[in-house]
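Worksheet for the structure shown next.
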Amino acid sequence: DTAVSQTPKYLVTQMGNDKSIKCEQNLGHDTMYWYKQDSKKFLKIMFSYNNKELIINETVPNRFSPKSPDKAHLNLHINSLELGDSAVYFCASSRGTSADTQYFGPGTRLTVL
Amino acid sequence: GDSVTQMEGPVTLSEEAFLTINCTYTATGYPSLFWYVQYPGEGLQLLLKATKADDKGSNKGFEATYRKETTSFHLEKGSVQVSDSAVYFCALYSGTYKYIFGTGTRLKVLA
Numbered sequence: 529d530t531a532v533s534q535t536p537k538y539l540v541t542q543m544g545n546d547k548s549i550k551c552e553q554n555l556g557h558d559t560m561y562w563y564k565q566d567s568k569k570f571l572k573i574m575f576s577y578n579n580k581e582l583i584i585n586e587t588v589p590n591r592f593s594p595k596s597p598d599k600a601h602l603n604l605h606i607n608s609l610e611l612g613d614s615a616v617y618f619c620a621s622s623r624g625t626s627a628d629t630q631y632f633g634p635g636t637r638l639t640v641l
Numbered sequence: 070g071d072s073v074t075q076m077e078g079p080v081t082l083s084e085e086a087f088l089t090i091n092c093t094y095t096a097t098g099y100p101s102l103f104w105y106v107q108y109p110g111e112g113l114q115l116l117l118k119a120t121k122a123d124d125k126g127s128n129k130g131f132e133a134t135y136r137k138e139t140t141s142f143h144l145e146k147g148s149v150q151v152s153d154s155a156v157y158f159c160a161l162y163s164g165t166y167k168y169i170f171g172t173g174t175r176l177k178v179l180a
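Protein chains in written order, with the numbering used here: chain A, 529 to 641; chain B, 70 to 180.
In structure tokens form, the structure reads like this:
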């Protein structure tokens, strides 16, 4: 059983388009995250949600809008895509305590042409 | 703010060589520390962690000790295998559902 799943795995689109990435976890965790990994493998947190409530928004452009319909899902919608948005986006989840392990999805590779 | 500094890669070793990947951190207090591994084409997965000073995390032959006096959490393995080739990330829990990751160190092990 996949613990954290993301769809799609690959996304190729034109500049200016709007796209969404979906994430689901079946671990019963309260906290979910979105990370962006650039071509040099640098991993940066974008958002974190706890019990469907936004906790962290790391100065991400407002073209990025996360939505958490329930504790098991955290989707990422991106408007007006730009070349610089090309990256691998990872969803993760954890129980939300300080020493907790994060469980990562397989990633979505977004390419903006 | 809190930060994590890892040694630059790539690190290339022969099979059965000794591995050290350095990691130091800056943080207020004593955060929990983690090592994650990312195999090609996959998401990150926890390798080991330590939650307080002098704790040693270990898994799959890898070890790291939480050293508060040197603010370090270096990753070591006595004998690497080709299957250990991956990118390794040091991370800390910065509080309020926020984790900070290092830049990652790519390890390549040659047969």
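For glycine and all other residues, C-beta sits at the position ideal for the given N, C-alpha and C.
Over the uninterrupted beta strand (DSSP E) stretch that includes T120 (chain B), give me the two end residues.
-> Note, T120 (chain B): premise wrong, no beta strand (DSSP E); not H, not E.
Going along the chain, which residues of the stretch 556-579 of chain A sit with their C-beta nearer than 9 Å to a C-beta in chain B?
-> Cβ contacts with chain B come from T559, Y561, Y563, Q565, K568, K569, F570, L571, K572, I573, S576, Y577 and N578.
Just checking my contact of G603 (chain A) with K550 (chain A) at CB under 8 Å: how many whole Å lie between their CB atoms?
-> A quick correction: the sequence has Asn, not Gly, at residue 603 (chain A). The pair is a contact, with the Cβ atoms about 5 Å apart (cut-off 8 Å).
Strand pairing of D570 (chain A), partner residues [DSSP] = Note on identity: in this sequence residue 570 (chain A) is Phe, with Asp being the wrong assignment. Its beta-bridge partners do not exist; DSSP assigns none.
Once you ignore the five residues that flank G173 (chain B) on each side, which residues in its own chain have a CB closer than 8 Å to its CB?
-> So the list reads Q75, G78, Q107, V156, Y157 and F158, once near-sequence residues are dropped.
Using a beta-carbon distance cut-off of less than 7 Å, what residues from the stretch 608-636 of chain A approach chain B?
-> Residues F618, G624, S626, A627, T629, Q630, F632, G633, P634 and G635.
Taking C-beta pairs closer than 8 Å, name the residues in chain B that I584 (chain A) reaches, listed in chain order.
-> Result: T165, Y166 and K167.
Is there at least one Cβ from chain A nearer than 7 Å to S154 (chain B)'s Cβ?
-> No, S154 (chain B) lies away from the interface with chain A (no Cβ there is under 7 Å from its Cβ).
Around the Cβ of N578 (chain A), are there at least 16 other Cβ atoms within 10 angstroms (buried) or fewer (exposed)?
-> Around the beta carbon of N578 (chain A), 16 or more other beta carbons sit within 10 angstroms, so the residue counts as buried.
Under a CB-based cut-off of 7 Å, is F170 (chain B) close to chain A?
-> Contact with chain A is found for F170 (chain B), since one of that chain's Cβ atoms lies less than 7 Å from the residue's Cβ.
Closer than 7 Å, CB to CB, is S141 (chain B) near chain A or not?
-> Answer no: the Cβ-Cβ gap between S141 (chain B) and chain A never drops below 7 Å.
If the cut is a Cβ gap below 7 Å, which residues of chain A does Q75 (chain B) touch?
-> What Q75 (chain B) touches in chain A, judged by beta-carbon distance under 7 Å, is nothing: the nearest beta carbon there is about 11 Å away.
Would you call Y99 (chain B) buried or exposed, if buried means 16 or more other Cβ atoms sit within 10 Å of its Cβ?
-> Label assigned to Y99 (chain B): exposed.
Within the 7 Å Cβ cut-off, does S127 (chain B) reach chain A?
-> S127 (chain B) does not count as touching chain A.
Hey, how far is the Cα of I594 (chain A) from the Cα of S576 (chain A)?
-> For clarity, residue 594 (chain A) is Pro in the given sequence; the question names Ile instead. For P594 (chain A) and S576 (chain A), the gap between their C-alpha atoms comes out near 9 Å.
What residues are listed by DSSP as bridge partners for H237 (chain B)?
-> Past the boundaries of the shown model lies residue 237 (chain B); chain B is included only from 70 to 180, so the question cannot be answered.
Verify whether the separation of the beta carbon atoms of Y166 (chain B) and I573 (chain A) is less than 7 Å.
-> With contacts defined as CB atoms closer than 7 Å, Y166 (chain B) and I573 (chain A) fail to qualify as a contacting pair.
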